[in-house]
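Protein chains in written order, with this note's numbering: chain A, 338 to 770; chain B, 4 to 279; chain C, 632 to 919.
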């Protein structure tokens with residue numbers, strides 16, 4: 338071997354060493370939300386920086402949840418990164434199924450992650466999933482309709498005010514419905530909304546002995562209030578409306594108010610998609626004066642399943658996708674209004690971002706949610722719109738179906754609550770509580 | 004006079020049949036039309052049938068977002084592979100049951116059909132564990148095998164009914180002439196059975212193409228097919244009818260075209276012994 | 632006149648199919664049985680020991696069990712009735728002389744090529760959506776209040792979607808059968824002055840008996856396990872939870888593999904009860 342080739346080889350090796358030890362192809366399961374699809378479009382930037390290729394498995398939310406849960410519980414190893422939420426993270430971490438993210442480099446600035454998000458994605462103080470974006474829920478309302486109704490939305494309204502305003506704004510002949518709320522059954526759909534709402538009405542899922550509380554007056558008040566309001570001021574077919582259905586109704590100008598995820602703010606104010614982009618105001622989710630508001634807390638986060646062969650590359654991806662630089666990359670390409678919100682403190686200190694109309698209200702909403710202390714009365718679980726126990730998703734899906742059919746008028750609120758109480762008690766007993 | 008009556012009847016028949024045919028086809032037509040609209044036009048009230056600004060934008064978005072060609076290729080390989088494998092296994096089985104029946108033949112046939120009634124969700128977990136152990140998750144082989152097994156009872160039965168219709172005397176004659184079993188199958192039976200085999204293959208390709216449950220659960224990126232591709236367009240954020248329509252059209256177009264070209268074979272062959 | 636030689640050859644030819652299907656049936660079945668006697672909760676550490684028949688009792692005493700069996704039977708029955716009745720009528724119509732028969736046939740069989748997920752998505756969003764769906768536009772055009780299909784009449788809506796998918800299959804088989812009908816016999820009866828209805832009842836329908844049997848048998852096998860249509864449209868809400876969907880909820884949503892496996896065993900039992908009925912019918916009709 339001549340000196341020259343040896344030198345060349347050595348140089349080549351160093352070059353490779355600086356970019357990436359070995360170029361890998363990682364497989365990422367993710368949900369088909371707008372921010373994730375944007376991330377897929379920007380994958381080339383990651384590949385250019387690290388040399389790793391990415392295979393995307395993009396699925397609709399329900400399919401994704403089922404798919405990744407099966408895979409991780411059976412240790413299938415189909416994915417190197419999974420997109421999961423605040424509900425799954427602590428449960429999976431407890432089972433030892435996730436790789437901890439406590440060794441991220443200093444420039445990643447893990448302390449910049451909003452404390453509420455970091456807390457919800459940690460188990461026993463260790464971070465197990467990095468937030469791609471975070472959200473709470475808030476009121477999005479039509480400023481023009483509110484004015485026409487002769488009312489003024491306070492920054493922190495009560496449920497009574499919201500109900501009055503909704504009834505005043507409703508004009509069913511012109512397909513304007515005062516309020517659009519989730520009604521589609523599912524723990525991440527109507528139950529997320531109703532559980533968060535019930536917190537404001539002083540209800541809770543379980544008492545401190547894990548006894549289900551659907552037979553309480555607070556739940557009866559919550560559900561009846563919701564059903565009455567939706568019947569008078571909600572859109573038709575509300576019991577099949579989830580986040581996406583309501584979003585398109587609002588974008589078409591058919592909703593006076595919509596209480597839902599803060600990330601929706603960027604969709605409803607985007608003039609390319611929304612017919613009411615310049616007429617949207619924001620307010621905190623309502624309360625009833627009991628000390629808790631109706632807003633939830635959620636993050637879509639990236640986590641690495643334990644046992645993957647490509648842990649190092651997967652970590653590089655997570656660092657890239659949840660970094661400050663990624664936010665700037667999106668801002669450059671799509672504008673500041675479209676960056677993934679709710680994950681980092683620095684974003685809300687950024688002067689450019691402060692001009693985005695919904696930025697402050699999103700932050701205030703996130704900061705007002707407390708997963709460790711979600712209800713008026715004490716509870717044994719963590720989570721605002723869920724209880725972070727493995728049984729919750731299955732139970733809440735079934736309870737959600739009962740509530741959804743009560744909204745559709747197929748049974749009364751009392752019947753739905755009685756069934757919810759019975760089936761929850763049954764499932765909890767089966768799980769050994 | 005008789006002539007004009009039949010003529011009038013023909014006109015009425017034609018009108019009725021076309022009306023019903025178009026009605027049945029309408030959802031597909033509407034999907035295809037919507038795929039060329041913008042998202043706003045897709046939900047326009049009143050709906051626009053043809054007078055919209057035709058655009059290929061949705062197809063562009065779908066092509067950019069997903070690796071359509073790979074999904075398509077996997078669909079072709081897996082549907083084709085499982086059909087081929089299934090046919091190779093089913094032809095001898097159906098042949099032997101049709102021509103050398105024993106008193107258990109009927110029972111075996113019905114038992115085979117009954118294996119199709121096993122609910123897939125109920126056995127997902129066990130099957131998943133087995134495929135992990137064999138290292139076959141997210142491989143085309145796994146899907147080829149599973150889809151072959153799922154459809155095997157149907158193919159065996161369909162072939163059996165064809166073979167049964169082949170008159171036994173021909174075989175007797177061939178045997179008299181000293182034909183061996185192999186020759187009997189190759190030169191006497193096969194030519195007579197070709198139409199039946201062809202339509203069986205077609206039906207099997209359609210069934211395998213459209214299977215979604217196992218596809219979604221046993222694949223990730225490498226072996227994912229069009230039935231998984233559609234799951235990423237099913238309910239995203241924002242308006243999506245036009246993009247969903249484009250993705251749907253892309254997922255069903257290949258099999259629709261195949262079906263249309265081969266409908267004669269399919270129609271003439273799809274009898275399951277229903278014709279005596 | 633099968634010889635010993637051809638008998639054993641036949642057995643060898645039959646063997647691969649039988650062995651494969653036996654494996655495909657037995658391995659999951661045994662594993663399902665195994666899990667069904669266990670408390671097996673993947674999210675709580677997996678195998679938590681034997682529990683005897685507890686899962687079986689719990690599954691069958693749950694308030695969702697009997698409604699789900701009923702739902703399953705109603706969907707299967709509803710789709711069968713619709714596809715067979717419309718299939719017969721459509722087959723008779725398509726068998727008449729007309730212009731463009733080939734094209735009409737193509738239009739009619741097209742839904743059979745559409746994957747269930749796609750057809751459920753298209754029907755749910757573009758037709759049955761109470762605000763943006765085509766039906767809603769149509770209803771509004773006539774001044775009626777749009778029907779909320781999937782909440783007000785969820786079962787009928789699902790039956791319509793599934794029937795649309797399976798009508799082509801029924802029509803095809805019935806059409807082939809009708810085409811084989813002896814034309815002379817029909818003509819003779821027409822000459823005799825038999826009214827159309829009588830011709831249909833005494834000549835056409837008996838001739839179609841076998842074909843109808845086949846349609847019922849094959850469709851039942853597929854319909855008992857429909858999943859995508861429900862998963863996409865209602866997710867089992869509003870009383871559309873079939874037995875298959877209930878098992879899905881137990882295994883995947885609640886992550887209770889033991890309980891779901893017990894449900895799987897019940898589903899197999901139900902399938903076999905239906906199968907026995909069918910096979911009686913088939914045995915009578917197909918032996919000949």
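The C-beta atom is built at its ideal place from N, Cα and C for all residues, glycine as well.
Go to residue i, then tell me how far its beta strand (DSSP E) extends in each direction, as first and last residue.
i: residue 595 of chain A; result: 592-598
Just curious, the alpha helix (DSSP H) that residue i is in, first and last residue?
i: residue 635 of chain A; result: From DSSP, residue 635 of chain A is part of no alpha helix (DSSP H) but of the beta strand (DSSP E) over 634-640.
i: residue 736 of chain C; result: 732-740
i: residue 156 of chain B; result: 143-168
i: residue 602 of chain A; result: 601-605
i: residue 863 of chain C; result: 859-864
i: residue 125 of chain B; result: 123-136
i: residue 764 of chain C; result: No alpha helix (DSSP H) holds residue 764 of chain C; DSSP gives it neither H nor E.
i: residue 557 of chain A; result: 554-570
What is the rounded straight-line gap between the Cα of residue i and the Cα of residue j?
i: residue 9 of chain B; j: residue 18 of chain B; result: 14 Å
i: residue 718 of chain C; j: residue 738 of chain C; result: 14 Å
i: residue 52 of chain B; j: residue 782 of chain C; result: 28 Å
i: residue 673 of chain C; j: residue 882 of chain C; result: 10 Å
i: residue 377 of chain A; j: residue 844 of chain C; result: 51 Å
i: residue 134 of chain B; j: residue 593 of chain A; result: 51 Å
i: residue 662 of chain C; j: residue 713 of chain A; result: 46 Å
i: residue 667 of chain A; j: residue 469 of chain A; result: 13 Å
i: residue 742 of chain A; j: residue 696 of chain A; result: 36 Å
i: residue 105 of chain B; j: residue 855 of chain C; result: 30 Å
i: residue 397 of chain A; j: residue 372 of chain A; result: 14 Å
i: residue 388 of chain A; j: residue 654 of chain A; result: 11 Å
i: residue 919 of chain C; j: residue 730 of chain A; result: Since pLDDT at residue 919 of chain C reaches only 39, below the 50 mark, its modelled position is unreliable, and the value read off the structure follows with that caveat. So the two alpha carbons sit approximately 54 Å from each other.
i: residue 602 of chain A; j: residue 737 of chain A; result: 25 Å
i: residue 209 of chain B; j: residue 82 of chain B; result: 8 Å
i: residue 752 of chain C; j: residue 490 of chain A; result: 38 Å
i: residue 98 of chain B; j: residue 207 of chain B; result: 18 Å
i: residue 265 of chain B; j: residue 37 of chain B; result: 27 Å
i: residue 201 of chain B; j: residue 749 of chain C; result: 26 Å
i: residue 355 of chain A; j: residue 658 of chain A; result: Low confidence applies here, because residue 355 of chain A scores a pLDDT of 44, under 50, leaving its location unreliable; read the following figure in that light. If you take the alpha carbons of residue 355 of chain A and residue 658 of chain A, they lie about 20 Å apart.
i: residue 610 of chain A; j: residue 141 of chain B; result: 37 Å
i: residue 826 of chain C; j: residue 70 of chain B; result: 60 Å
i: residue 636 of chain C; j: residue 866 of chain C; result: 55 Å
For residue i, which residues in the same chain have their Cβ closer than 7 Å to its Cβ, ignoring the five residues on either side in sequence?
i: residue 512 of chain A; result: 591
i: residue 340 of chain A; result: In this prediction, residue 340 of chain A has a pLDDT of 49, which is less than 50 and means its spatial position is unreliable; what the coordinates show is noted afterwards. Around residue 340 of chain A: no qualifying Cβ.
i: residue 681 of chain C; result: 668 and 669
i: residue 814 of chain C; result: none
i: residue 89 of chain B; result: 151, 154, 155, 158 and 207
i: residue 258 of chain B; result: 209 and 212
Among the residues of its own chain, which have a CB less than 6 Å from the CB of residue i, if the five just before and after it don't count?
i: residue 267 of chain B; result: none
i: residue 616 of chain A; result: 479, 480 and 481
Residues in its own chain within less than 8 Å of residue i by CB, not counting five upstream and five downstream?
i: residue 910 of chain C; result: none
i: residue 390 of chain A; result: 360, 361, 362, 363 and 384
i: residue 721 of chain A; result: 532, 533, 536, 632, 633, 634, 706, 707, 708 and 711
i: residue 699 of chain C; result: 872, 873, 874, 876 and 877
i: residue 744 of chain C; result: none
i: residue 834 of chain C; result: 812, 816, 817 and 820
What are the partner residues of residue i, as DSSP defines its beta bridges?
i: residue 258 of chain B; result: Looking at the DSSP assignment, residue 258 of chain B forms no beta bridge with any residue, so it has no partner.
i: residue 681 of chain C; result: C:669
i: residue 543 of chain A; result: A:549
i: residue 473 of chain A; result: A:634
i: residue 642 of chain C; result: Answer by DSSP bridge pairing: none, since residue 642 of chain C is not bridged.
Within 9 Å (strictly less), CB to CB, does residue i reach chain E?
i: residue 673 of chain C; result: Considering every chain present, this structure includes no chain E. Its protein chains are A, B and C.
At 3 residues or longer, what runs of the beta strand (DSSP E) sit wholly inside the region 400-463 of chain A?
418-421
Beta strand (DSSP E) segments (min. 3 residues) lying fully within the region 627-713 of chain A:
634-640
Ignoring anything shorter than 4 residues or poking outside the region 359-397 of chain A, list the alpha helix (DSSP H) runs there in chain order.
371-378 and 380-387
What ranges does the alpha helix (DSSP H) occupy inside the region 196-235 of chain B, keeping only unbroken runs of at least 4 residues that lie completely in it?
216-221 and 229-232
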